[in-house]
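Notes follow the structure.
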Amino acid sequence: MATRHFSLQRGPAPSHSSAQTARAQLGLTQQELAQLLGVSRTALAMAEQGSRDLPSAAAQRLLNLLQALAALPAPVPAAVLSTSQREDLEIRLQAIQLAEYPLRQQLRRVQIKLAQARLRQQAEPALRATLLATEALAHRKLSRLAEAADAYLRDEGATPALLELRLQVLAFERAEVARLLNGPALAG
């Protein structure tokens, strides 16, 4: 089982003790913070639980650490891409564009076939009325066409919505990749 670290799982929260807040902000384990404060991990754990106070020297170090953290400016998450990341994103952008074309073509074909199947379904009674009762072959052919239209509508009726969803996802990804590519670049 993987080791779980409090500081890697959570950010600072109002309910945290001062030691937990420092650990969450810096991404430290109890052991690492205990070493910085000069106490044992057990002493720090008991202080975090509220069952024991930290020694005064460790409490002062913790207070100084928290004050130093509070004085720092908020980190600005800038998406600075390396050359290799930029190349990977450019390749992904091309792959997205290549993936969109066949989806658009498939969507167009399915929409045409669905429209034809709906029209065939709607026109079937009128076409049947124009046939003579003696034209059994034509009636069977018309029945097969109507059954095929029903089956296509049943099986492919939701396909346009699914294809449009895939296209929307690709469009979103394309826009986000383009936004990242237009951001600052890092040489190297």
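Residue numbering for the sequence shown follows my numbering, beginning at 1 and increasing consecutively.
Cβ coordinates follow ideal geometry from the N, Cα and C atoms, glycine included.
Which of helix, strand or coil DSSP assigns to residue i
i       : result
Leu-37  : helix
Leu-81  : strand
Pro-73  : coil
Thr-130 : helix
Thr-29  : coil
Ser-51  : coil
Leu-89  : helix
Ser-17  : coil
Arg-118 : helix
Ala-185 : Because Ala-185 sits at a pLDDT of 49, beneath the cut-off of 50, its placement in the model cannot be relied upon, and the point is left open.
N- and C-terminal bounds of the alpha helix (DSSP H) containing residue i
i       : result
Leu-163 : 159-181
Ser-143 : 136-156
Any C-beta of chain B under 8 Å from that of residue i
i      : result
Gln-49 : The structure shown contains no chain B, having only a single protein chain.
Supposed contact pair residue j and residue i - C-beta distance, whole angstroms, cut 8 Å
i       : j       : result
Pro-160 : Val-80  : With 8 Å as the limit, Pro-160 and Val-80 do not qualify as a contact, their Cβ atoms being about 40 Å apart.
Gln-31  : Leu-69  : That pair is no contact at about 19 Å.
Ala-34  : Leu-62  : That pair is no contact at about 11 Å.
Gln-121 : Ala-158 : Contact doesn't hold; Cβ gap of about 17 Å is too wide.
Ala-22  : Leu-72  : Not a contact, Cβ separation roughly 12 Å.
Decide if the segment 50-60 is in contact with the segment 100-120; the criterion is three or more beta carbon pairs, one per stretch, under 8 Å apart. no
Assess, as a yes-or-no matter, whether the segment 86-99 is touched by the segment 172-179 under the definition of 3 or more beta carbon pairs within less than 8 Å. yes
Please determine if the segment 77-92 and the segment 130-144 are in contact, where contact requires at least 3 C-beta pairs separated by less than 8 Å. no
Pairs of beta-carbons, one from the segment 108-123 and one from the segment 147-156, closer than 8 Å: are there three or more? yes
Would you say the segment 105-114 touches the segment 124-138, given that touching needs at least three Cβ pairs under 8 Å? no
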